[in-house]
Amino acid sequence: MKEVIIRLENVSREYDNGKIRAVRNINLEVLTGEFIVLLGSSGSGKTTLLNLMTGLDTPTSGRVYINGKTPKNGSQWSRIRSQTIGFIFQSFNLIPTLTARENVEIPMFGSPVNSRQREKRASFLLEKVGLSHRTSHLPSALSGGERQRVAIARSLANRPALLMADEPTGNLDSKTSARVMDLIYDIHVSEKNTLVVVTHDRTIAEHGDRIIRISDGRLIRNKM
Ligand code: ADP
Ligand code: MG
Numbered sequence: 071m072k073e074v075i076i077r078l079e080n081v082s083r084e085y086d087n088g089k090i091r092a093v094r095n096i097n098l099e100v101l102t103g104e105f106i107v108l109l110g111s112s113g114s115g116k117t118t119l120l121n122l123m124t125g126l127d128t129p130t131s132g133r134v135y136i137n138g139k140t141p142k143n144g145s146q147w148s149r150i151r152s153q154t155i156g157f158i159f160q161s162f163n164l165i166p167t168l169t170a171r172e173n174v175e176i177p178m179f180g181s182p183v184n185s186r187q188r189e190k191r192a193s194f195l196l197e198k199v200g201l202s203h204r205t206s207h208l209p210s211a212l213s214g215g216e217r218q219r220v221a222i223a224r225s226l227a228n229r230p231a232l233l234m235a236d237e238p239t240g241n242l243d244s245k246t247s248a249r250v251m252d253l254i255y256d257i258h259v260s261e262k263n264t265l266v267v268v269t270h271d272r273t274i275a276e277h278g279d280r281i282i283r284i285s286d287g288r289l290i291r292n293k294m
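This is how it looks when you write it as structure tokens:
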């Protein structure tokens, strides 16, 4: 039976003393193994919602549960993120002075593996995303699609149960976007992880088990 991995209970996030209501009274359950698409236009509250789901932001009101519990503080969230959540961002967020392989190794510094195991896993993951010929390159020597592949490999470093992608194809042309999204989808299927993808692109939304629309900080449809 599927379990609830993330639950949001009446979650709101306001800014500027309530002048901006980025996320309004959201109730949502994310089940283990499902692929959820959060679809909404720019400024609708998608990134805020993702940040609330992963403890990168704190709700003004309401509660967030992960595996049935509300993390008590930033350090509990931080441990949960490093052990169970992989992140993929629109702008890749690679460290420009580190090679592809070193970028992939970064999340593993918080886990009990030695340098040889780190290197081995990073090389394995880069091979998995089709970049075994680019492991020693700096991000500046890679195309946008290749950079996002490195970021995808990095997101998998600690075998996360949950993968969160915020506009993962937002900086890519349409052909590269389709390839990157196929890769994320294939990984979701083979790793059996829970996948949450935030996008304003309807073609990406088609991959999802469930599409959740967000407009003006509210969920407007929750279709199974
Ligand atoms: P999306 O990711 O869907 O484009 P965001 O979650 O980034 O939307 O933003 C939702 C709304 O909240 C926007 O109106 C945005 O300007 C506002 N917002 C986001 N972050 C902040 C912040 N730190 N301070 C003030 N307003 C913010
Ligand atoms: Mg956003």
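Numbering-wise (the working numbering), the sequence shown opens with residue 71 and increments by one.
Cβ atoms here follow ideal geometry from the backbone N, Cα and C, with glycine treated the same way.
- Of the heavy atoms belonging to the ligand MG, none sits nearer than 8 Å to the Cβ of Glu-172.
- The DSSP-derived three-state label of Ala-170 is helix.
- In this structure, Phe-157 lies near Met-234, with their beta-carbon atoms less than 9 Å apart.
- Relative to the ligand MG, even the nearest heavy atom lies 8 Å or more away from the CB of Asp-271.
- Under DSSP, the beta-bridge partners assigned to Arg-133 are Glu-79.
- Assignment of Leu-126 by DSSP, reduced to helix, strand and coil, places it in the coil class.
- Just so you know, the alpha carbons of Leu-164 and Asn-173 end up roughly 6 Å apart.
- A Cβ-Cβ distance of about 6 Å is found for the pair Ile-254 and Pro-238, placing them in contact under the 8 Å criterion.
- By the Cβ-count criterion, Val-220 is buried, with 16 or more other Cβ atoms from all chains shown falling within 10 Å of its own Cβ.
- Distance from the CA of Ser-185 to the CA of Glu-175, rounded to the nearest whole angstrom, comes to 9 Å.
- At least one heavy atom of the ligand ADP sits closer than 8 Å to the Cβ of Gly-287.
- Residue environment for Phe-179: exposed (fewer than 16 other C-beta atoms within 10 angstroms of its C-beta).
- In the DSSP assignment, Val-199 falls outside any alpha helix (DSSP H) and carries neither an H nor an E.
- By the Cβ-count criterion, Asp-279 is exposed, with fewer than 16 other Cβ atoms from all chains shown falling within 10 Å of its own Cβ.
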